[in-house]
Structures are given as C-alpha cells and as structure tokens.
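Residues are numbered in my numbering as their position in the sequence shown, beginning at 1, plus a constant of 27. Idealized CB from N, CA, C, for every residue including glycine. Note that this is a predicted model, so its numbers are computed, not measured.
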Amino acid sequence: MQSRYPETYAQWKANPQAFWAKAAKAVDWIKPADAIFDPDQGAYGRWFVGAECNTCWNAVDRHAAMRPNQAALIYDSPVTGTKRTLSYAELKTEVAALAAVIQDLGVRKGDRVIVYMPMIPEAVIAMLACARIGAIHSVVFGGFAAKELATRLDDATPKLVLAASCGIEPNRVVTYKPLLDEAIALASNKPESVLLLQRPQCEAAMQPGRDHDWTAAVSAAKAAGRLADCVPVLATDPLYVLYTSGTTGKPKGVVRDNGGHMVALAWSMNNLYGMQPGEVFWAASDVGWVVGHSYIVYAPLLIGCTTVIYEGKPVGTPDPGAFWRMIAEHDIKVLFTAPTAFRAIRKEDPKAEHLARYDLGGFRALFLAGERADPDTVQWAEEILKVPVIDHWWQTETGWAIVGNPLGLGALPVKHGSPTVPMPGYDVQILDEGGRQVGPNTMGSIVVKLPLPPGCLPTLWHADDRFKEGYLSAYPGYYNTSDAGFVDQDGYLFIMGRTDDIINVAGHRLSTGGMEEVLASHPDVAECAVIGVKDALKGEQPCGFVVLKAGANRSPLDVEKEIVKLVRDKIGPVAAFKIAITVNRLPKTRSGKILRGTMKKIADGDSWSMPATIDDPAVLDEIAAALQGKV
Numbered sequence: 028m029q030s031r032y033p034e035t036y037a038q039w040k041a042n043p044q045a046f047w048a049k050a051a052k053a054v055d056w057i058k059p060a061d062a063i064f065d066p067d068q069g070a071y072g073r074w075f076v077g078a079e080c081n082t083c084w085n086a087v088d089r090h091a092a093m094r095p096n097q098a099a100l101i102y103d104s105p106v107t108g109t110k111r112t113l114s115y116a117e118l119k120t121e122v123a124a125l126a127a128v129i130q131d132l133g134v135r136k137g138d139r140v141i142v143y144m145p146m147i148p149e150a151v152i153a154m155l156a157c158a159r160i161g162a163i164h165s166v167v168f169g170g171f172a173a174k175e176l177a178t179r180l181d182d183a184t185p186k187l188v189l190a191a192s193c194g195i196e197p198n199r200v201v202t203y204k205p206l207l208d209e210a211i212a213l214a215s216n217k218p219e220s221v222l223l224l225q226r227p228q229c230e231a232a233m234q235p236g237r238d239h240d241w242t243a244a245v246s247a248a249k250a251a252g253r254l255a256d257c258v259p260v261l262a263t264d265p266l267y268v269l270y271t272s273g274t275t276g277k278p279k280g281v282v283r284d285n286g287g288h289m290v291a292l293a294w295s296m297n298n299l300y301g302m303q304p305g306e307v308f309w310a311a312s313d314v315g316w317v318v319g320h321s322y323i324v325y326a327p328l329l330i331g332c333t334t335v336i337y338e339g340k341p342v343g344t345p346d347p348g349a350f351w352r353m354i355a356e357h358d359i360k361v362l363f364t365a366p367t368a369f370r371a372i373r374k375e376d377p378k379a380e381h382l383a384r385y386d387l388g389g390f391r392a393l394f395l396a397g398e399r400a401d402p403d404t405v406q407w408a409e410e411i412l413k414v415p416v417i418d419h420w421w422q423t424e425t426g427w428a429i430v431g432n433p434l435g436l437g438a439l440p441v442k443h444g445s446p447t448v449p450m451p452g453y454d455v456q457i458l459d460e461g462g463r464q465v466g467p468n469t470m471g472s473i474v475v476k477l478p479l480p481p482g483c484l485p486t487l488w489h490a491d492d493r494f495k496e497g498y499l500s501a502y503p504g505y506y507n508t509s510d511a512g513f514v515d516q517d518g519y520l521f522i523m524g525r526t527d528d529i530i531n532v533a534g535h536r537l538s539t540g541g542m543e544e545v546l547a548s549h550p551d552v553a554e555c556a557v558i559g560v561k562d563a564l565k566g567e568q569p570c571g572f573v574v575l576k577a578g579a580n581r582s583p584l585d586v587e588k589e590i591v592k593l594v595r596d597k598i599g600p601v602a603a604f605k606i607a608i609t610v611n612r613l614p615k616t617r618s619g620k621i622l623r624g625t626m627k628k629i630a631d632g633d634s635w636s637m638p639a640t641i642d643d644p645a646v647l648d649e650i651a652a653a654l655q656g657k658v
C-alpha cells in the first residue's frame, strides 16, 4: 500500500490551521474556538484560543455512553499476582467518585494536585479525576526521593497529594509514605491534605487531620451517590505540569494544555500508531513519565481504545517472556516501549526461546522511543516478531512524536538508525552553530520552526523567561531540541545524540551515538554506552562501556579488543577509540535512559551528585571501579 504520508504532510504545510481544525473534529467541544491559532498569545502563539472543553469528558464520559461495557483499562500486575479490568462505565463511576472526594478536600479548578503513585488503576483514575474538575495534576514517579519530591511541592504549590502506601518491585516493597512525610517536612509549601490508598502489601501510618483514607472516602462518596460532573475549562488552561530535570538543579515544570493536547493525541493514535476504537494498546511505561501521560492515560482513552496498566518488568516477572504473555493474553495490537526493554529481553533470551510459548497472531507493530534505538536491537526485534518495528522520536516537552513512521497512513520504508520523517505540525531543520541551515547528510543542531504544533508545551510552570531562554533563544524563530543529527537526501532524520553527546576529538566532531551503533553490532554485546572523556592532547577521547549477553562465554578482554578494532574498521582511526570496558550493568533512570552525563563526570574526575531518577545507585560505584586505571 502506498503511504498517504506525503500528501498528509503537504496538506498540513499548505494550511496548518485548516489541518488542525479538521483534526479537532475528533474532540467534543463545549464551546468552539474563537481562533484555531492566535500568533499573538504566549511565547510563540496558542492553539484553539477561546474554546472550552473537558479532557475527562472526552476520555471517559462520551465512551461510557457509546461503549459502556467495553474494557477501558486492563491492570496486570505480575509482581502482586493481581489482574483487574474496568469497563468505560465502571471507570466513569470511579473517576467521578474520586473527583467528588477531591472537591470535598477543597480542591477547585486551577488548583494543583500531586499524584505520587505506582502503576495501579488508581493512578490513572487520580489523573482523570483531576482533569474532570479542572484541577492541574502533577505526577511524580512513585518512590521518588524525598528531597526531589519536596522541590516539586514547592514549585507546584499543591493543595492535595494523592498517594499510595507503597510500590512493589520484583524483590522488594518500596514504602512511599515515609518519603512523602519527609518531603512535606522539607517543603516550604505544605499541602493541606493527603489522600492515601493503603495497599495490602504495606499499611502506612496516617497523620490525623491531614491524612485521609482513599478507600473509605471513595466508598462513602459512592454510597451517597456523590459523583462529580465535568467542569468546563479553556482549551489553553493547563491540564497538567510534568517535571523534567533541569540543568540548574531547579526542576522544569512542562505545562500541557487541554485542547491542543487532545487534538494532537487523538490524531496520533489513528494516523501514527494505526489504532482503532475497541482495540488494545499497550504503552509499557510508567505514569510518572510523559509516555505514561500521553499513551497510557490520555491518547488510548480519547479514541475509545483499551489501555493497559502493567506493574512489572520486561524480564524477571517472572521471565523474559513477560511481554509475550501480555500481548497474547490481552490481544494487544500495538506495543510501545523503550529500546532498553528489548535489550534486556535480548540479553536474557538472545534466541527468543520464550516467544515460542505464545500466540502473537493479532500483534501488528512494535513502537520504540525514549532513547536512541540502535539498529542491532531493531533488527533483532524485526526478526523475532515479524511485524513492523518502528522507532520514533519525541520529548517530554512535545508530548507526542516529532518524527516517526506513520503506520496509520501506510508505513514508509524503514531505514535502520532513523526514526523516519517529521509528523504534521513539525517543520524540522538542521542548523549549524551560526544558525544557518545545512545540506543533506550534514550534522548539526536539530530544531523545529515555530510555531510548535498542538500538544507541545506553551511554556514552563511559572517560568516564562526560563522557557524562552532554554528553548527559543539559541536559534530565534526555532524551538531548540538540544539533539544533534542530520537529515538525509530522502528527508529521513538521523539523531546522533544530545548536542552534548557530540565529542570533539582533535578537532573532529564525532557522534557517540554512531560509535554505540558499532559497539551494539558486536554479536556478544547486549547493550552499550559511549562517552567522551577529557584528554589533555586531543581534547576528548571516546570511552565505551559494554554489557555482554547472557551465555556469552567469551573473555571480556577479547571482546574489548574486538570492539576497539570494530570501531577502527567502521569509523576509522579518526575516532581514536582505544578504551572499551566490560561492566555487568549500566546506570539508568527508572525509565531506562542511560546516565551518560553522570558517567562522564565520574570518568573526568569532576564533582557529581546522585541523579534523582537513578534506578540503582550502586551501579555508579561499579562504573567508578571499572574506570580505575583505564582513563
């Protein structure tokens, strides 16, 4: 089938406002927009100005009327042995009852609510209940350190915290309440109330007067028939604030509005991911991250799909066949996850022997995002799954894909190493350091010509100047992605890393991402990372870390020698690649991103602090030990 992408992108480019006005018909509006786009509002203009809407109505109520008995949400928790399905009608009742409780605790339209919860249905219900009454939610990853949580309490100034007593990891229970209590003690801004869901695995102590029992309060609201109605909000009002790490140590609160967010996500579900109402979509992420906001909670429900809440891991809960069981058991059509998950599966089960136990006959596509998808991992997934494996690229700030391969419009040919082409709304360009556009296959800074499309951040929470300085000032008229790469002769984008991942070796600008591709191609390497380390002579020199596959009966020294030769053969002596180090694991955030910046600071002997988002702090000690005598 010939892809409809070229004509669709051309339609957007010819008349952006007409394009998004048509896409907006997928949304129920209380009041239509006075202007589809107003260039005079905000830092670069605002979408659907004057329109009134409610995100919860669009995600829940209208489907509860049209398809009340269809599953809205499937909860599958291998770590607790629990499964639960909520229909759209049941979801509406749960959301409306919790919304009434939140109102009883004094929360009104425009107030902020912090959500501090694990991957359970109540986390989704909490977000939707806030959206229902026009409160602005800010989800903080469950188990996040008290000091980091306190900074978010101070920045968002929430009236209420919605929390659970604990989260469950494969081999431990993570208690949340002591962390929350410590964060509130540390914070200058203290929330008036905490609504706490007591999980059976851990009962937390309650503070009288401040803390309220979730289950009791929601049960009482249902018994009294108190179900909150949807509150109209402006399309330009914030739906949520999601904090992303800032270079200053002060968290950056990415603001997402209601109207443009719904339009963009609804468009993407059908056109990018190829999903239809009634089908099951699984984003194997966490609601603490942007992927969880966009593609666990909002996008699937906006178009009437069934979404999946998975409380588990790709391996170890109980084995590397965990994802295959999920897809087969729940008839999942499309899976969206991070490349890290597939590298973990491949490391434990390189021949995909667990896959043979499951029927994936209904599975249509795998989407990867969150970090660079190395061609080796993509090809392995293609070979074992025999469905399209689609890399796509976006950011917390954009909320949905900047660049992808639109399955719903008819997929374009895949080029390994490229997330393919820009989505409508994004005019992606490559600029040199002087802000001049460069030609095909020339490395530079990846930018997006303003205005950004619907769904992208209009600003940072109470930090308009910081937004302009951080994103719009480097290249006037453009949004700076802080990623580096090039566009080839066919218009395909190749992302080679963050702009700070381009290292300068004796005057040559080299991509660590390109070197990682070479390392990942070695048959014994499960995953890898390349950083630039200070060098008195050359400025920087590359240093590669590799994790070997399970069952790789090779001497690490032999593999390291082969890797050095491989880089020399494929990139050339100019890379000056001489240091390869085998490690048991790489330091990562909970979302699976490798902490290259921290690794570089350790290697350079610079001062560094423990990243708040790190999954296991002990790994950094292992990295420091492995570097001894090597650099």
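So if DSSP puts residue i in a beta bridge, which residue, or which two residues, is it bridged to?
i: residue 219; result: Answer by DSSP bridge pairing: none, since residue 219 is not bridged.
i: residue 58; result: 79
i: residue 265; result: 284
i: residue 279; result: 271
i: residue 104; result: 109
i: residue 555; result: 573
i: residue 655; result: BP columns for residue 655 are empty, so no partner.
i: residue 141; result: 165 and 188
i: residue 40; result: Beta-bridge pairing links residue 40 to no other residue.
Could you check which residue in the options has the C-alpha nearest to that of residue i?
i: residue 211; options: 421, 378, 152 and 141; result: 141
i: residue 97; options: 106, 319, 117 and 425; result: 117
i: residue 143; options: 170, 155 and 129; result: 170
i: residue 83; options: 68, 101 and 115; result: 115
i: residue 254; options: 520, 471, 124 and 146; result: 124
i: residue 132; options: 189, 44 and 475; result: 189
i: residue 437; options: 391, 58 and 578; result: 391
i: residue 621; options: 632, 605 and 543; result: 543
i: residue 521; options: 456, 598 and 640; result: 456
i: residue 5; options: 48, 39, 122 and 647; result: No information on residue 5 is available, as it lies outside the stretch 28 to 658 that the chain covers here.
i: residue 151; options: 374, 491 and 337; result: 337
i: residue 601; options: 608, 609 and 592; result: 592
Does DSSP classify residue i as helix, strand or coil?
i: residue 607; result: strand
i: residue 640; result: coil
i: residue 274; result: Note that residue 274 scores a pLDDT of 49, beneath 50, so its modelled location is shaky; the value from the coordinates is reported in the next line. In this structure, residue 274 counts as coil in the three-state DSSP scheme.
i: residue 305; result: coil
i: residue 615; result: strand
i: residue 178; result: helix
i: residue 447; result: strand
i: residue 591; result: helix
i: residue 596; result: helix
i: residue 494; result: helix
i: residue 125; result: helix
i: residue 194; result: strand
Where does residue i land, buried or exposed, given buried means 16+ other C-beta within 10 angstroms?
i: residue 510; result: buried
i: residue 480; result: buried
i: residue 549; result: buried
i: residue 192; result: buried
i: residue 139; result: buried
i: residue 539; result: buried
i: residue 656; result: exposed
i: residue 567; result: buried
i: residue 109; result: exposed
i: residue 54; result: buried
i: residue 554; result: buried
Going by the CB atoms, is the gap between residue j and residue i shorter than 9 Å?
i: residue 269; j: residue 218; result: no
i: residue 363; j: residue 308; result: yes
i: residue 72; j: residue 61; result: no
i: residue 488; j: residue 166; result: no
i: residue 102; j: residue 111; result: yes
i: residue 569; j: residue 552; result: no
i: residue 424; j: residue 332; result: no
i: residue 284; j: residue 366; result: no
i: residue 176; j: residue 148; result: no
i: residue 310; j: residue 427; result: no
i: residue 632; j: residue 606; result: no
i: residue 630; j: residue 586; result: no
i: residue 328; j: residue 99; result: yes
So with Cβ pairs under 9 Å, would you call residue i a contact of chain D?
i: residue 395; result: The displayed structure is made up of one protein chain only, and chain D is not part of it.
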